[in-house]
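Trainee: Protein chains in written order, with UniProt numbering: chain A, 1 to 302; chain B, 1 to 201. Don't be surprised by glycine CBs; every beta carbon is placed ideally from N, CA and C. Small disclaimer: the values here were computed from a predicted structure and weren't measured.
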Amino acid sequence: MVSKTEEDQLIRLENQVENGGGGAWEYLCLVRKLKLRLSDKVFKYGFALLSDPKKRSALGPEEWTLYEQVAIAAMDCQHLDVAKEYIKVLQGKFRESKRVGRLEAILLEAKGRWAEAEKAYSSLLEDNQFDQVIHKRRVAMAKAQGNLSGAIEWLNKYLEIFMADHDAWRELAEIYVSLQMYKQAAFCYEELLLSHPTIPLYHLSYADVLYTLGGVENLHAAKKYYAATIDLTGGKNNRALFGICLCASALAQLTRGRNKDDKENSELQSLSAEALEKAYKQQSPTNVSVLSSALRSLKVSS
Amino acid sequence: MGGESRYEIHQSAYIKLVLHALKHRTSAVNAVLLGRSAAAGVEIVDSVPLFHSQIGLLPPLEIALIMIEEYYGEKGLSIVGYFHANERYDDFELGGVAKNIGDHITRYFPQAALLLLDNKKLESLQKGKDRSPVVQLYNKDASSSWKLVGSDASSQLALKEPSANVVLLDYISSEKWKDIEDFDDHLDDISKDWLNSKLFN
Numbered sequence: 001m002v003s004k005t006e007e008d009q010l011i012r013l014e015n016q017v018e019n020g021g022g023g024a025w026e027y028l029c030l031v032r033k034l035k036l037r038l039s040d041k042v043f044k045y046g047f048a049l050l051s052d053p054k055k056r057s058a059l060g061p062e063e064w065t066l067y068e069q070v071a072i073a074a075m076d077c078q079h080l081d082v083a084k085e086y087i088k089v090l091q092g093k094f095r096e097s098k099r100v101g102r103l104e105a106i107l108l109e110a111k112g113r114w115a116e117a118e119k120a121y122s123s124l125l126e127d128n129q130f131d132q133v134i135h136k137r138r139v140a141m142a143k144a145q146g147n148l149s150g151a152i153e154w155l156n157k158y159l160e161i162f163m164a165d166h167d168a169w170r171e172l173a174e175i176y177v178s179l180q181m182y183k184q185a186a187f188c189y190e191e192l193l194l195s196h197p198t199i200p201l202y203h204l205s206y207a208d209v210l211y212t213l214g215g216v217e218n219l220h221a222a223k224k225y226y227a228a229t230i231d232l233t234g235g236k237n238n239r240a241l242f243g244i245c246l247c248a249s250a251l252a253q254l255t256r257g258r259n260k261d262d263k264e265n266s267e268l269q270s271l272s273a274e275a276l277e278k279a280y281k282q283q284s285p286t287n288v289s290v291l292s293s294a295l296r297s298l299k300v301s302s
Numbered sequence: 001m002g003g004e005s006r007y008e009i010h011q012s013a014y015i016k017l018v019l020h021a022l023k024h025r026t027s028a029v030n031a032v033l034l035g036r037s038a039a040a041g042v043e044i045v046d047s048v049p050l051f052h053s054q055i056g057l058l059p060p061l062e063i064a065l066i067m068i069e070e071y072y073g074e075k076g077l078s079i080v081g082y083f084h085a086n087e088r089y090d091d092f093e094l095g096g097v098a099k100n101i102g103d104h105i106t107r108y109f110p111q112a113a114l115l116l117l118d119n120k121k122l123e124s125l126q127k128g129k130d131r132s133p134v135v136q137l138y139n140k141d142a143s144s145s146w147k148l149v150g151s152d153a154s155s156q157l158a159l160k161e162p163s164a165n166v167v168l169l170d171y172i173s174s175e176k177w178k179d180i181e182d183f184d185d186h187l188d189d190i191s192k193d194w195l196n197s198k199l200f201n
């Protein structure tokens, strides 16, 4: 998850480099720090840096980290020759290195030589069974071959050992959602909420899954989590505001005749609708009338 | 019902679909198709790129559909189809989510078209002079299941402007996909224009 300031910084550096103003190294460091997947840019800038002997020697010992970063980016963009070349350079410098061995295995993956890659990973794991990167590569390989149930199995095994890896929980949740296994996705978000109760994204995603599951109980719960998201984001999260409106509308349809919650329901819905209209007036004026009609149609059902 | 329709898709609608998929190469993406029934079949006039993450979740989809119907309803257009691009290059399967959304659209527009991006066709676009769209067309058949329409079937999808692929290739080489905004982007930042009204100006 990237913050707005970090995103702006990234864009600023990108523009700077594109316009010949330098800053490629800062950009590459930031991408590495934020663990973003921007392989075409990383490859473009990194390759240019490493191909220039003066710039390369100016990097000092960081040169090797850059070789690794650009090799991976190269593989992601299918520039396999460059990747192979860089891995060779690293092999020359770090003989017998497991880290370089990992890169060789990833190259096999990039070439689609799944069985060989799997063998390489297994043997690397024999020496270090707690190498998180390799465990995750196995999941990625299963996913790449379209074996989603295999990916789920590997990921679940991984999470039994590394249960604090929240990115892995999110990845698992997303795979479940893509397969419409919403109960299982909900379980992943519950785990995330237990360990990170103040991250609005998890409340929001959990609410979305609950709404998708449907039914009165889930809708009530979804409303609570949308409300929590709004609370944690100072009312600025439009997805959560919309979520409240959707929940209120769906609940009103399902509980027609049982009027207990109606007052609280419609109050919350009105407040959210108001907040949305205010936000749209300020930031998206061309959409104001479409929004108003949309919100009206959601209220009609109550 | 769905079996014998002909579809014609306008250039701008078509190009938006492909550019959106290219912007988010590492994930599945989807879009809705807007249009109307015409004498010769269905005219697909416009498209709205929807999401590039967590496509199987209902709330963002419901909001998008409500807003899209409100906007286009005033222009006399309705949702006439759905576009989906799978996450993986070699995945030609029509997944559960795509089918469910297609089913929902078909309830309101029985001849709805379901389009699946054909990555292999897209890749070979550079080499050939193919004038057919780089998508597979699915229709709901009499038994209510989604069936792939072959190019010799009476159901066909044609590009309205014959040079649409040439224009598409041009946009691809100028990396035009960077300017595309979808509903996901809009929900994250409502100042982003999901209508992409300035895209082709």
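Suppose you measure from the CA of GLU269 of chain A to the CA of CYS245 of chain A; what does that come to, to the nearest Å?
Mentor: Here residue 269 of chain A corresponds to residue number 269 of the first sequence, with the count starting at 1. Here residue 245 of chain A corresponds to residue number 245 of the first sequence, with the count starting at 1. Inspection of the sequence shows that residue 269 of chain A is occupied by Gln rather than by Glu. Approximately 5 angstroms, taken between the alpha carbons.
Trainee: Anything in chain B within Cβ reach of GLU174 of chain A, meaning under 7 angstroms, just list it in chain order.
Mentor: Within the first sequence, the letter at position 174 stands for residue 174 of chain A. Residues of chain B passing the Cβ test: GLN54.
Trainee: Looking at C-alpha atoms only, which residue of A:GLY215, A:CYS247, A:GLU277, A:TYR45 is the closest neighbour of LYS223 of chain A?
Mentor: For the purposes of this step, residue 223 of chain A is identified with residue 223 of the first sequence, where counting begins at 1. Nearest of A:GLY215, A:CYS247, A:GLU277, A:TYR45 to LYS223 of chain A, Cα basis: A:CYS247.
Trainee: What are the residues in the stretch 78-106 of chain B lying within 9 angstroms of chain D by C-beta distance?
Mentor: The displayed structure is made up of protein chains A and B, and chain D is not among them.
Trainee: Given that VAL209 of chain A touches chain B, what residues does it touch there, using C-beta distances under 8 angstroms?
Mentor: Along the first sequence, one-based indexing puts residue 209 of chain A at 209. LEU57, listed in chain order.
Trainee: Any C-beta of chain B sitting closer than 8 angstroms to the C-beta of LEU246 of chain A?
Mentor: Residue numbering aside, residue 246 of chain A sits at position 246 when the first sequence is read from its first letter. Chain B contact via Cβ: present.
Trainee: Considering Cα atoms alone, identify which of B:ARG88, B:PRO59, B:PRO49, B:SER5 is closest to ASN196 of chain B.
Mentor: Taking the second sequence and counting its residues from 1, one reaches residue 196 of chain B at position 196. ASN196 of chain B has its Cα closest to that of B:PRO49, out of B:ARG88, B:PRO59, B:PRO49, B:SER5.
Trainee: In the DSSP assignment, find the unbroken beta strand (DSSP E) run with ALA31 of chain B in it and report its ends.
Mentor: Residue mapping note: residue 31 of chain B aligns to position 31 of the second sequence, counting from 1. It spans 29-38 - the beta strand (DSSP E) in which ALA31 of chain B sits, taken as one unbroken run.
Trainee: Output needed for ASP189 of chain B: all residues of its chain with C-beta closer than 7 angstroms, excluding positions within five of it in sequence on either side, in chain order.
Mentor: On the second sequence, residue 189 of chain B is found 189 positions in, with the first residue counted as 1. There are no such residues.
Trainee: I want to verify the contact list: residues of chain B whose CB lies under 7 angstroms from the CB of ASN238 of chain A, in sequence order.
Mentor: Translated into positions along the first sequence, residue 238 of chain A becomes position 238. Within 7 angstroms Cβ-Cβ: LEU187, ILE190.
Trainee: ASP193 of chain B: which of B:ILE15, B:PHE200, B:ASP182 sits nearest, CA to CA?
Mentor: Counting from one through the second sequence, the residue named residue 193 of chain B turns up at place 193. Taking only the C-alpha atoms, the option nearest ASP193 of chain B is B:ASP182.
Trainee: Report yes or no: is there a C-beta of chain B within less than 8 angstroms of the C-beta of THR5 of chain A?
Mentor: The count along the first sequence starts at 1 and reaches residue 5 of chain A at position 5. Output row for THR5 of chain A: interface = no.
Trainee: Touch check for the stretch 193-213 of chain A and the stretch 103-118 of chain B: three-plus C-beta pairs under 8 angstroms?
Mentor: Taking 8 angstroms as the limit for Cβ pairs, the verdict is that the stretch 103-118 of chain B does not touch the stretch 193-213 of chain A.
Trainee: Please confirm whether SER51 of chain A has its beta-carbon closer than 8 angstroms to some beta-carbon of chain B.
Mentor: Residue mapping note: residue 51 of chain A aligns to position 51 of the first sequence, counting from 1. Judged by the 8 angstroms Cβ criterion, SER51 of chain A is not in contact with chain B.
Trainee: Between TYR71 of chain B and chain A, is the shortest Cβ-Cβ distance under 8 angstroms, so that the two count as touching?
Mentor: Residue numbering aside, residue 71 of chain B sits at position 71 when the second sequence is read from its first letter. Yes, because at least one Cβ of chain A sits closer than 8 angstroms to the Cβ of TYR71 of chain B.
Trainee: Give the single residue among B:ASN86, B:ASN139, B:VAL45, B:VAL97 whose Cα lies nearest to the Cα of ILE9 of chain B.
Mentor: In the second sequence, the residue the question calls residue 9 of chain B occupies position 9. Nearest C-alpha to ILE9 of chain B: B:VAL45.
Trainee: Counting only beta-carbon atoms, is GLY146 of chain A nearer than 8 angstroms to chain B?
Mentor: If you number the first sequence from 1, residue 146 of chain A lands on position 146. At least one chain B Cβ lies under 8 angstroms of GLY146 of chain A.
Trainee: Within the continuous alpha helix (DSSP H) that includes SER205 of chain A, where are the two ends?
Mentor: The count along the first sequence starts at 1 and reaches residue 205 of chain A at position 205. Where SER205 of chain A is concerned, the enclosing alpha helix (DSSP H) stretches over 200-213.
Trainee: Quick check: what's the CA-CA separation for GLY102 of chain B versus TYR176 of chain A?
Mentor: Here the question's residue 102 of chain B lines up with position 102 in the second sequence. Here the question's residue 176 of chain A lines up with position 176 in the first sequence. For GLY102 of chain B and TYR176 of chain A, the distance between alpha carbons rounds to 20 angstroms.
Trainee: From which residue to which residue does the beta strand (DSSP E) around TYR82 of chain B run?
Mentor: Taking the first residue of the second sequence as position 1, residue 82 of chain B is located at position 82. Residues 78-85.
Trainee: Can you pull the chain B neighbours of GLY243 of chain A, defined as C-beta to C-beta under 7 angstroms?
Mentor: As a working mapping, residue 243 of chain A is identified with position 243 in the first sequence. Per Cβ cutoff of 7 angstroms: PRO59.
Trainee: Starting from the beta carbon of SER284 of chain A, find every residue of chain B whose beta carbon is closer than 7 angstroms, and list them in chain order.
Mentor: On the first sequence, position 284 is the one that residue 284 of chain A refers to. Result: ILE190, SER191.
Trainee: Do VAL139 of chain A and TYR158 of chain A have their C-beta atoms within less than 8 angstroms of each other?
Mentor: Taking the first sequence and counting its residues from 1, one reaches residue 139 of chain A at position 139. Taking the first sequence and counting its residues from 1, one reaches residue 158 of chain A at position 158. Their beta carbons are under 8 angstroms apart, which means VAL139 of chain A touches TYR158 of chain A by this criterion.
Trainee: Under the DSSP definition of a beta bridge, which residues are partnered with LEU137 of chain B?
Mentor: Looking up residue 137 of chain B in the second sequence gives position 137. DSSP lists B:LEU115, B:VAL149 as partners of LEU137 of chain B.
Trainee: Assign SER51 of chain A to buried or exposed, taking buried as 16 or more other Cβ atoms, counted over all protein chains shown, within 10 Å of its Cβ.
Mentor: Residue numbering aside, residue 51 of chain A sits at position 51 when the first sequence is read from its first letter. Its Cβ having fewer than 16 others within 10 Å, SER51 of chain A is exposed.
Trainee: Once DSSP output is grouped into helix, strand and coil, what is the label at HIS186 of chain B?
Mentor: Residue numbering aside, residue 186 of chain B sits at position 186 when the second sequence is read from its first letter. Helix, per DSSP.
Trainee: If contacts are defined as beta-carbon pairs under 8 angstroms, then MET75 of chain A and ALA117 of chain A qualify, I think. What distance do you get, rounded to the angstrom?
Mentor: Here the question's residue 75 of chain A lines up with position 75 in the first sequence. Here the question's residue 117 of chain A lines up with position 117 in the first sequence. Incorrect: roughly 12 angstroms between the Cβ atoms, too far for contact.
Trainee: So that I know if they touch, is there some Cβ in chain B lying closer than 8 angstroms to that of THR229 of chain A?
Mentor: Position 229 of the first sequence, counted from the start, is the residue given in the question as residue 229 of chain A. Not an interface residue.
Trainee: Pick helix, strand or coil for LYS157 of chain A, following the three-state DSSP scheme.
Mentor: Taking the first sequence and counting its residues from 1, the one referred to as residue 157 of chain A is at position 157. Reduced to three states, the DSSP call for LYS157 of chain A is helix.
Trainee: Along the chain, where does the beta strand (DSSP E) containing GLY41 of chain B start, and where does it finish?
Mentor: If you number the second sequence from 1, residue 41 of chain B lands on position 41. From DSSP, the beta strand (DSSP E) with GLY41 of chain B extends over 41-49.
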